[in-house]
Structures are given as structure tokens and as C-alpha cells.
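*Asks:*
In UniProt numbering, the protein residues as written are 1 to 110.
(1) Quick check on the burial criterion: 16 or more other C-beta atoms within 10 angstroms. Buried or exposed for residue 97?
(2) Nearest to residue 59 by alpha carbon, out of 107, 109 and 101?
(3) What residue does the beta strand (DSSP E) around residue 108 start on, and which one ends it?
(4) Give the secondary structure of residue 97 by DSSP, where H, G and I count as helix, E and B as strand, and everything else as coil.
(5) Helix, strand or coil: how does DSSP classify residue 76 here?
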């Protein structure tokens, strides 16, 4: 049985049920082998963007905002219920929803 707080601790919808029904794969990799997402970085933590699992207009908008592979990103703060996240990228702050942040794959800072 779920308690009233379990709803807010669930993974974004994009991570459930086999990654959008794509046979359990996203961009040629099984979901369980996916790298760290932006949601795995703690507040104040920094990481390097590896890529995106988004598509279409969302992908283009993220690229336009500066979420390009190889760029450093920092998690500035997270709202009380975990959505949205405030991030610092390319010298400015931007806010993303959890579902968008999950689609950004990162690696630890070098």
C-alpha cells in the first residue's frame, strides 16, 4: 500500500514500463545499462553532460539552452517536492522539470 508521500518519490513516467515501450531500449542501449541522469547529481554537485535521450522539439530546446555534450552543469537547488530543478549551465541558471532532467545523461566531473 502506498502512503501519501510515495507519489512524490516515484521515478518520472519516462523511466517506467520499458522506456516508452521501445522494447526496453533507448538509443540502442538497454535501460538498465543507462548512465547517470541529471537527477542522480546532488545539490551543489557538478557533472559533465554526455548526451540526451530526448527527441524532437524538447531535444532542440535543450540544445538551444546550452545542454550540449561536454559542457559542465551544476545542480543549484531542487524544489521541495523534487520538481523543478534549478541548474547552472553556460554561466546562467535555468529550471527544468524532472522528466526533462532525467533525459540528460551525465558523467562525473573530471
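Cβ coordinates follow ideal geometry from the N, Cα and C atoms, glycine included.
*Replies:* Answer, in terms of the structure:
(1) Start at 1 with the first residue of the chain shown, and residue 97 comes out as number 97. Exposed is the label assigned to residue 97, since fewer than 16 other Cβ atoms lie within 10 Å of its Cβ.
(2) As a position in the chain shown, residue 59 is number 59, starting the count at 1. Considering only alpha carbons, the answer is 101.
(3) In the chain shown, counting from the first residue as 1, residue 108 sits at position 108. Counted as a single uninterrupted DSSP element, the beta strand (DSSP E) harbouring residue 108 occupies residues 104-108.
(4) As a first step, residue 97 must be located in the chain shown, where it is residue number 97. Looking at residue 97 - three-state DSSP - the assignment turns out to be coil, as it is neither helix nor strand.
(5) Within the chain shown, the letter at position 76 stands for residue 76. Here residue 76 sits in strand by DSSP.
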